[in-house]
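J.: Heads up, the sequence shown is in this note's numbering, so the first residue is 473 and it goes up one at a time.
Built from N, CA and C at the ideal position, the CB exists for glycine as well.
Computed from a predicted structure; not experimentally measured.
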Amino acid sequence: MVNRSVLITGGRGDIGLAIARAFAEEGAKLVLVDKRPDEDGLAVASLLEAGASEAVSLSIDVADEEAVGRAVDFTFAEFGSLDTIVNVAGMMIYKPITELTAADWRSLLDVNLIGAALFTGHALRVMPPGGCVVNVASVHAVRTSALVAPYAAAKAGLVSLTRSAAIEGKPRGIRVNAVLPGAVDTEMLRASPNIRSGEEVIDPADIAQPEQIAAIVRFLASDAASFITGEGIVADGGRMGRL
473 MVNRSVLITG GRGDIGLAIA RAFAEEGAKL VLVDKRPDED GLAVASLLEA GASEAVSLSI
533 DVADEEAVGR AVDFTFAEFG SLDTIVNVAG MMIYKPITEL TAADWRSLLD VNLIGAALFT
593 GHALRVMPPG GCVVNVASVH AVRTSALVAP YAAAKAGLVS LTRSAAIEGK PRGIRVNAVL
653 PGAVDTEMLR ASPNIRSGEE VIDPADIAQP EQIAAIVRFL ASDAASFITG EGIVADGGRM
713 GRL
């Protein structure tokens, strides 16, 4: 992974930053894409300290097609290549379907699906053979709960996008895979009204640390996974496999 360039969306979030650190430990060149700017430079500094050969933070909206193009162009201009894209950017709202507006649906789909689709399109156009895309989806793509319909639908779409992109990417030598995490110890999980109200109770043994998801992403992007494409790996500590 030394000197490979890696672009990570949602790079300022708990999972995104953990993934960036995992690649930094291998000496990668990193571009963090997040709507929140790294104003104090601490995120970039932490990656350089972890071993990244170079690191940059870009503040963009992943649903903005022109901004996505600029981020890809910047990566090539700065690092000379783009070898890996990890689509992590995501958001949730909690409402029953009866109360969801078109704007609610669009905002969730824009961030959780359209942004990943735009970056994937660029990957298939400009990545060299050997490149890869890893999409961070969710177990909500296959099993879900109340009040998160747009999130679940977007993540299901992301898993489907992964399969389609893997088919189209194979002749180009580009692999595309997905990780479907269960509960992860993140700000998003802690903010869930389902969790805070006690409606949903999760055994602490079933809550992953962001670094555990990062390790799977790093494997899927590595040469060790060179024969894996179009797959979705569930990482939920076996929670969905129990009666």
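For a test of the three-state rule: what should DSSP assign to residue 552, helix, strand or coil?
T.: If you number the sequence shown from 1, residue 552 lands on position 80. Looking at residue 552 - three-state DSSP - the assignment turns out to be coil, as it is neither helix nor strand.
J.: Following the continuous beta strand (DSSP E) through residue 680, name the residue where it begins and the one where it ends.
T.: Within the sequence shown, the letter at position 208 stands for residue 680. No beta strand (DSSP E) holds residue 680; DSSP gives it neither H nor E.
J.: Would residue 675 be called buried (16 or more neighbouring beta carbons within 10 Å of its own) or exposed?
T.: As a position in the sequence shown, residue 675 is number 203, starting the count at 1. It counts as exposed.
J.: Which residues share a DSSP beta bridge with residue 506?
T.: By 1-based counting over the sequence shown, the position of residue 506 is 34. 531, per the DSSP bridge assignment.
J.: As an exercise, report each continuous beta strand (DSSP E) stretch of at least 3 residues that is fully enclosed by the segment 584-665, in chain order.
T.: 604-608 and 647-653
J.: Hey, how far is the Cα of residue 488 from the Cα of residue 548?
T.: Walking along the sequence shown from the start, residue 488 turns up at place 16. Walking along the sequence shown from the start, residue 548 turns up at place 76. Cα to Cα, residue 488 sits roughly 21 Å from residue 548.
J.: Could you compute how far the alpha carbon of residue 637 sits from the alpha carbon of residue 608?
T.: Sequence index remark: in the sequence shown, residue 637 carries index 165 (1-based). Sequence index remark: in the sequence shown, residue 608 carries index 136 (1-based). Straight-line Cα distance between these residues: approximately 14 Å.
J.: Just reading off the beta strand (DSSP E) that residue 478 is part of, what are its end residues?
T.: Counting from 1 along the sequence shown, the entry for residue 478 is found at position 6. Run containing residue 478: 477-481, per the beta strand (DSSP E) assignment.
J.: So residue 683 and residue 490 are in contact, right, with Cβ under 8 Å, and what is the actual spacing, rounded?
T.: On the sequence shown, residue 683 is found 211 positions in, with the first residue counted as 1. On the sequence shown, residue 490 is found 18 positions in, with the first residue counted as 1. Contact holds; Cβ gap of about 5 Å.
J.: Check the C-beta distance from residue 678 over to residue 696 and give it rounded, since I have them as a contact under 8 Å.
T.: Numbered from its first residue, the sequence shown carries residue 678 at position 206. Numbered from its first residue, the sequence shown carries residue 696 at position 224. Not a contact, Cβ separation roughly 27 Å.
J.: Kindly identify the DSSP beta-bridge partner or partners of residue 705.
T.: What you label residue 705 is simply residue 233 of the sequence shown in a count that begins at 1. For residue 705, which the question treats as bridged, DSSP gives the partners 651.
J.: Tell me the DSSP secondary structure of residue 557 in three-state form.
T.: Position 85 of the sequence shown, counting from 1, holds the residue named residue 557. Reduced to three states, the DSSP call for residue 557 is strand.
J.: From the DSSP output, in three-state form, read off residue 571 for me.
T.: As a working note, residue 571 is residue 99 in the sequence shown. The answer is helix: DSSP assigns residue 571 an H, G or I state.
J.: What does the alpha-carbon distance come out to for the pair residue 546 and residue 518?
T.: The residue given as residue 546 occupies position 74 in the sequence shown. The residue given as residue 518 occupies position 46 in the sequence shown. Looking at the two C-alpha atoms, the distance is approximately 21 Å.
J.: Is residue 526 helix, strand or coil by DSSP?
T.: Position 54 of the sequence shown, counted from the first residue, corresponds to residue 526. Note: residue 526 maps to strand in three-state DSSP.
J.: Whole angstroms are fine: how far does the CA of residue 513 sit from the CA of residue 526?
T.: Residue numbering aside, residue 526 sits at position 54 when the sequence shown is read from its first letter. Residue numbering aside, residue 513 sits at position 41 when the sequence shown is read from its first letter. Rounded to whole angstroms, residue 526 to residue 513 spans 13 Å at the Cα level.
J.: Which residue marks the beginning of the alpha helix (DSSP H) containing residue 493, and which one marks its end?
T.: If you number the sequence shown from 1, residue 493 lands on position 21. Per DSSP, residue 493 belongs to the alpha helix (DSSP H) from 486-496.
J.: Leaving aside the five residues before and after residue 482 along the sequence, list all residues of the same chain whose C-beta is less than 7 Å from its C-beta, in chain order.
T.: Position 10 of the sequence shown holds residue 482. 488, 506, 560, 561 and 562.
J.: Could you tell me how far apart the beta carbons of residue 642 and residue 701 are, in whole angstroms, since I believe they sit closer than 8 Å?
T.: Reading the sequence shown from its first residue, position 170 is the one you call residue 642. Reading the sequence shown from its first residue, position 229 is the one you call residue 701. Residue 642 to residue 701, Cβ: 7 Å. Contact.
J.: Please check the pair residue 477 and residue 551, which I expect to be a contact at CB under 8 Å, by giving their CB distance rounded to whole angstroms.
T.: Numbered from its first residue, the sequence shown carries residue 477 at position 5. Numbered from its first residue, the sequence shown carries residue 551 at position 79. Confirmed, Cβ separation roughly 4 Å.
J.: Is the distance from the Cβ of residue 650 to the Cβ of residue 628 below 7 Å?
T.: The sequence position of residue 650 within the sequence shown is 178, counting from 1. The sequence position of residue 628 within the sequence shown is 156, counting from 1. Against a cut-off of 7 Å, the Cβ pair of residue 628 and residue 650 comes out as no contact.
J.: By how many angstroms is the C-alpha of residue 480 removed from the C-alpha of residue 531?
T.: By 1-based counting over the sequence shown, the position of residue 531 is 59. By 1-based counting over the sequence shown, the position of residue 480 is 8. Going from the Cα of residue 531 to the Cα of residue 480 covers about 12 Å.
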